[in-house]
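Q: Below: one structure in structure tokens.
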Amino acid sequence: MTPQIALALFILGAAVLFLVTEWIPMEVVALLVLGSLAVTGLVSPADALKGFSNPAVVTVWAVFILSGGLTRSGVGNIIGNRVVKLAGGNDSLLVMIIMVVAGLLSAFMNNVAVAALMLPVVMDICGSTERSPSALLMPLAYGSLLGGLLTQIGTPPNILVSALLQENHLKPFGLFDYTPVGSFIFVIGVLFMTFVGRRLLPKTNFLNDTSGILESNFDSQYRMEDCFFQLRVPLTSPLAGKTLSETRMGTALGIDVIAIRRASRSLLAPGSEDRLDGGDILVVKGHPERLNDLRLWEALIGQIESISWEAVFSKEIQLAEVTLKPDSFIRGNTLNEMDFRNRFGAMVLAVRCEKSIRRANLQDDVLRSEDRLLVQGSRLAIQDLCGERGFLACEEVGPKTLNEVYQLNERLMRLTIPLQSPVGNKTLKESRIAEVLGMRVLCIIRGDGVVRMPHAHEILLPGDQLVIEGRMDALDTLRGFEALKGEGGAVPDLKRLVSDQVGMVETILSPHAIIVGKTLRHLHFRDKYGLNVLAILRRGKAYVTNLRDMALDFGDALLLYGPREKLKVLGQENDFIVLTQSAQETPRREKAPVSSILMVATFVPVILGWIPIYIATVIGAALMVLFRCLTMEEAYRAIEWKAVFLIAGMFPLGTALDQSGAAKFLAEGVVVAVGPYGPTAVLLALLVLTFMATCVIPTAALVLLLAPIILNTSQQLGVPPYGFMMAMAMAASASFMTPISHPANLLVMGPGGYRFKDYMKVGGLLTLVVLMIIMVVVPLFWPITLHP
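The sequence shown: position 33 = 22 (the working numbering), numbered continuously.
Below, the structure written as structure tokens:
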């Protein structure tokens, strides 16, 4: 083994490790691989960047745009709606039709886009026919994957295999060269799911509400049976007359008010500006234990007293006002995104603009140009802050401004922790002082010392004096919380909490969502959309509490409750797919004929051999935008940029494996281990390896890693490489065994209520079926032995 081979194998192993563990994003892994290969000299800098101009990469992003044009013009929706009506009440026929429609669309569209497009269609079918989504959604996902096997543009692995053959001076597979093998797999796969696979799927009972929109047995699916209870607001409660937003119930108590019952009427899905009245009965979701915790605060309220800012801030701690420049790099970001406190060593107490002063929820508040930030920090930290290029001005704030403009003396208080207090020996975060009181802890006076700007993990000790900043009337709200009374009687079930105006529906994150990794709190979800998130279903597990601070992930299913008009507004958002057609963004149906003609016109020259596919797809994508089947912004969103960067970044690794001799080295190992048993045994080993690897490695990256090894193995065996490459393309695209094997699988997991074992059971059997088909059919069309 030469040093070049060892180095190439080390980079290969590191890439596989990071792709499997997902410690860092896969597209970052690809770019690091690209950089490592160039720096180590395994490939030239020019070769390292060739992936971005490779015909396969160009074809991939162009096909994404073509697929987006068909989606926005409603072609898939029209076909899906009309064809599925043919099934009537026959379960087997319905499964077959859904899979066939999804498969045929996926032959020319991105399969994830097809699954996302047909999800609301299938969910509405479930609602109108009282079928369980679990019976139809996995067949939908598998149908879209099987259909991708039919053509060269059906999946990125097919596109890559063709490009890799051409790059190695071999005849590439054409647009329909995948069709013979793919058709066998598609037909038998559909028949398997229709008559065998669907019987192995979990079953759930579903109901319809009076409006006809799907309202499933959500309380059991999301396990919310014990999360609803009722509270009575006393007639003389300090909460009476306050809006729900002013009470801060959600933040302080971690509960959501689902409905308000009054003597005169009931208010379903109340908004943040709806006011409470004495005697109201609140139907809430959350944990009753949070109310019991409030009793522990009774002793603390009496320990709160006013304090002047002069008594707190010394020469060591400075208050200053900094103004953002119009072109500041901070503008448009939140304090949380900037990690302002740790980055600058200062705490923002308020943000002042021309007409108002913002004090609450500053961490998630988007900063604007010329905002003035009142900051607290050490003199050294303030000096460093003033030297930052993002700030226009920085000046120390005088007593007059602090008292008259910021009213700081009216907002400063001191809270002494009693010796027997339950919050003693807890961290600031565990004590929930900030959430319950709606205040910030500026410092802690402890004996003769002071803890400046304490962190969330600072432990509170009995006798500590906490200097807090907030509104005194927050204490009245706290007393109002303590006076809330548990109301007996049966809590209304979910069916009674919906009406013609108020509904409950599931939504999932779209494949192009940019909010992945953000929390509901960060998104200001309820304030922005006017909807309650009752629960989140993630990979088979339901979460019903502490939802505000859960980072959203692709595949999450969110159970939403609120006005139906708000649900329709959410359906217009690019980050969400609302699982009912009535809430979907209206497609440009008048462009459906145009987009269909453009799609046909794109591939006719390819079939006739007039122009290469990568040129044809680029022209087709441009025409989709030119004829307004989709806008340029929608075209950008249609591209799965992660896939593009992954493929472009991993391309030079294949070149490095080949040029360094590492691919030949690994191929020799394969030939030694399996070669004596013949090419058929090598094909079987290749398929098993590929199927297993699809469970943990992105399929596009997998093809780029395996292709050099397969090409060298076929050369050593003395057989044509086409059969092995075709088999790898089919196996890489047939990712059925786990929800994380393919985004389409993850997309249906939440709405279908599937668990990991469901994919292993049904997808595992389907994988065995596909493996047997490939073993039999591929050698018929692409022989793996030399003819005499």
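Glycine residues also receive a C-beta, built at the ideal position from the N, C-alpha and C atoms.
For clarity, every value in this text was computed on a predicted model and none was experimentally measured.
Considering only C-alpha positions, which residue in the set F543, K555, V246, I602 is nearest to G163?
A: By 1-based counting over the sequence shown, the position of residue 163 is 174. It is I602.
Q: What residue does the beta strand (DSSP E) around A546 start on, and which one ends it?
A: Counting from one through the sequence shown, the residue named residue 546 turns up at place 557. From DSSP, the beta strand (DSSP E) with A546 extends over 546 to 552.
Q: Using only the alpha-carbon positions, how far apart do T569 and I(-6) sit?
A: As a working mapping, residue 569 is identified with position 580 in the sequence shown. As a working mapping, residue -6 is identified with position 5 in the sequence shown. Their backbone Cα atoms lie some 54 Å apart in a straight line.
Q: Please determine if the segment 638 to 647 and the segment 745 to 752 are in contact, where contact requires at least 3 C-beta pairs separated by less than 8 Å.
A: no
Q: Which one or two residues does DSSP pair with Y532 in a beta bridge?
A: Sequence index remark: in the sequence shown, residue 532 carries index 543 (1-based). Answer by DSSP bridge pairing, in chain order: I525.
Q: Along the chain, which unbroken stretches of the beta strand (DSSP E) at least 3 residues long are found entirely within the segment 396 to 449?
A: 401 to 405, 429 to 435, 438 to 441
Q: Here's a check: name, in chain order, each residue in its chain whose Cβ is nearer than 7 Å to the Cβ of P315, leaving out the five neighbours to either side.
A: Position 326 of the sequence shown, counting from 1, holds the residue named residue 315. The residues are S358, E359.
Q: Anyone know if the C-beta pair for M726 and G544 falls short of 7 Å?
A: As a first step, residue 726 must be located in the sequence shown, where it is residue number 737. As a first step, residue 544 must be located in the sequence shown, where it is residue number 555. For M726 and G544, no; Cβs fall outside 7 Å.
Q: List the endpoints of the continuous beta strand (DSSP E) containing F218.
A: Residue mapping note: residue 218 aligns to position 229 of the sequence shown, counting from 1. Element bounds for F218: 217 to 221.
Q: Alpha carbon to alpha carbon, what distance is there between I566 and N100?
A: The residue labelled residue 100 in the question sits at position 111 within the sequence shown. The residue labelled residue 566 in the question sits at position 577 within the sequence shown. N100 and I566: Cα-Cα distance of roughly 16 Å.
Q: Which whole-angstrom value describes the C-beta separation of P145 and A716, a residue pair presumed to lie in contact below a C-beta threshold of 8 Å?
A: What you label residue 145 is simply residue 156 of the sequence shown in a count that begins at 1. What you label residue 716 is simply residue 727 of the sequence shown in a count that begins at 1. Incorrect: roughly 17 Å between the Cβ atoms, too far for contact.
Q: Rounded to a whole number of angstroms, what is the C-alpha to C-alpha distance between F175 and V90?
A: On the sequence shown, residue 175 is found 186 positions in, with the first residue counted as 1. On the sequence shown, residue 90 is found 101 positions in, with the first residue counted as 1. Separation of F175 and V90 (C-alpha to C-alpha, rounded to the nearest whole angstrom) is 12 Å.
Q: What are the partner residues of K274, as DSSP defines its beta bridges?
A: Here residue 274 refers to the residue found at position 285 when the sequence shown is read from its first residue. DSSP lists F217, D245 as partners of K274.
Q: Figure out for me which residue from L374, R347, S297 has the closest Cα to the Cα of I319.
A: The residue labelled residue 319 in the question sits at position 330 within the sequence shown. Checked all of L374, R347, S297; the closest Cα to I319 is L374.
Q: Which residue's Cα is closest to the Cα of A445: P709, R460, I422, V439?
A: On the sequence shown, position 456 is the one that residue 445 refers to. The alpha carbon of A445 has as its nearest neighbour, out of P709, R460, I422, V439, the alpha carbon of I422.
Q: Alpha carbon to alpha carbon, what distance is there between A721 and M764?
A: Numbered from its first residue, the sequence shown carries residue 764 at position 775. Numbered from its first residue, the sequence shown carries residue 721 at position 732. Rounded to whole angstroms, M764 to A721 spans 15 Å at the Cα level.
Q: Taking the Cβ atom as the reference point for each residue, do L612 and L587 lie within a distance shorter than 7 Å?
A: For this step, residue 612 is matched to residue 623 along the sequence shown. For this step, residue 587 is matched to residue 598 along the sequence shown. The Cβ atoms of L612 and L587 sit closer than 7 Å to each other.
Q: Looking at V246 and L259, is the spacing between their C-beta atoms short of 7 Å?
A: As a first step, residue 259 is located in the sequence shown; it is residue number 270 there, counting from the start. As a first step, residue 246 is located in the sequence shown; it is residue number 257 there, counting from the start. Looking at the sequence shown, residue 259 is not Leu but Pro. In contact: P259 and V246 (Cβ atoms closer than 7 Å).
Q: In this structure, does DSSP put K474 in helix, strand or coil?
A: By one-based count along the sequence shown, residue 474 stands at place 485. Assigned with DSSP and collapsed to three states, K474 falls in strand.
Q: Check for me: the alpha helix (DSSP H) holding A733 runs from which residue to which?
A: For the purposes of this step, residue 733 is identified with residue 744 of the sequence shown, where counting begins at 1. A733 -> alpha helix (DSSP H) spans 732 to 741.
Q: Go through its chain and collect everything with a Cβ distance to P668's Cβ below 7 Å, but skip five positions before and after it.
A: Position 679 of the sequence shown holds residue 668. Closer than 7 Å at Cβ, skipping near neighbours: L706, V708, I773, T774.
Q: Who are the near neighbours of I486 in its chain, counting only those whose CB is closer than 7 Å to its CB and skipping five residues on each side?
A: Counted from its first residue, the sequence shown places residue 486 at position 497. Checking the sequence shown, residue 486 turns out to be Leu, not Ile. Answer for L486: I247, A248, L257, listed in chain order.
Q: Grab me the residues of G413's own chain with a C-beta within less than 7 Å of its C-beta, minus the 5 sequence neighbours each way, in chain order.
A: The residue you call residue 413 lines up with position 424 of the sequence shown. Same-chain partners within the cutoff: I406, L449, L450, P451.
Q: Mapping DSSP to helix, strand and coil, what is S295?
A: Within the sequence shown, residue 295 is the residue found at index 306, counting from 1. Of the three classes helix, strand and coil, the one that applies to S295 here is strand, per DSSP.
Q: Between the C-alpha atoms of T416 and P443, what's the straight-line distance to the nearest angstrom?
A: In the sequence shown, residue 416 corresponds to position 427, counting from 1. In the sequence shown, residue 443 corresponds to position 454, counting from 1. For T416 and P443, the distance between alpha carbons rounds to 10 Å.
Q: Below 7 Å between beta carbons: does that hold for L509 and L549?
A: For the purposes of this step, residue 509 is identified with residue 520 of the sequence shown, where counting begins at 1. For the purposes of this step, residue 549 is identified with residue 560 of the sequence shown, where counting begins at 1. Against a cut-off of 7 Å, the Cβ pair of L549 and L509 comes out as no contact.
Q: Applying the 10 Å Cβ sphere with the 16-neighbour rule, what's the burial state of D263?
A: Within the sequence shown, residue 263 is the residue found at index 274, counting from 1. D263 is exposed by the Cβ-count criterion.
Q: Taking the C-alpha atoms as reference points, what is the distance between G650 and E657?
A: The residue labelled residue 650 in the question sits at position 661 within the sequence shown. The residue labelled residue 657 in the question sits at position 668 within the sequence shown. When rounded, the distance between both Cα atoms is 11 Å.
Q: How big is the Cα-Cα spacing for R221 and P277?
A: In the sequence shown, counting from the first residue as 1, residue 221 sits at position 232. In the sequence shown, counting from the first residue as 1, residue 277 sits at position 288. For R221 and P277, the distance between alpha carbons rounds to 13 Å.
Q: Just grab the DSSP bridge partners of L498 for me.
A: If you number the sequence shown from 1, residue 498 lands on position 509. Paired residues: F565.
Q: Which same chain residues, not among the five before or five after N734, have their C-beta less than 6 Å away from its C-beta?
A: Reading the sequence shown from its first residue, position 745 is the one you call residue 734. Within the same chain, N734 has close Cβ partners A130, P728.
Q: In whole angstroms, give me the CA-to-CA distance for L82 and Y532.
A: As a first step, residue 82 is located in the sequence shown; it is residue number 93 there, counting from the start. As a first step, residue 532 is located in the sequence shown; it is residue number 543 there, counting from the start. Each residue's alpha carbon lies about 35 Å from the other.
Q: In its own chain, which residues sit with a C-beta less than 7 Å from the C-beta of I699, not counting the 5 before and 5 after it?
A: Start at 1 with the first residue of the sequence shown, and residue 699 comes out as number 710. The residues are L675, P710, F713, M714, M717.
Q: Span of the beta strand (DSSP E) holding A258?
A: On the sequence shown, residue 258 is found 269 positions in, with the first residue counted as 1. No beta strand (DSSP E) holds A258; DSSP gives it neither H nor E.
Q: Do you know offhand how far I596's Cα is from F165's?
A: On the sequence shown, residue 596 is found 607 positions in, with the first residue counted as 1. On the sequence shown, residue 165 is found 176 positions in, with the first residue counted as 1. Cα to Cα, the separation comes out at about 8 Å.
Q: At 4 residues or longer, and completely inside the segment -5 to 58: list those alpha helix (DSSP H) runs for me, N to C.
A: 15 to 29, 34 to 37
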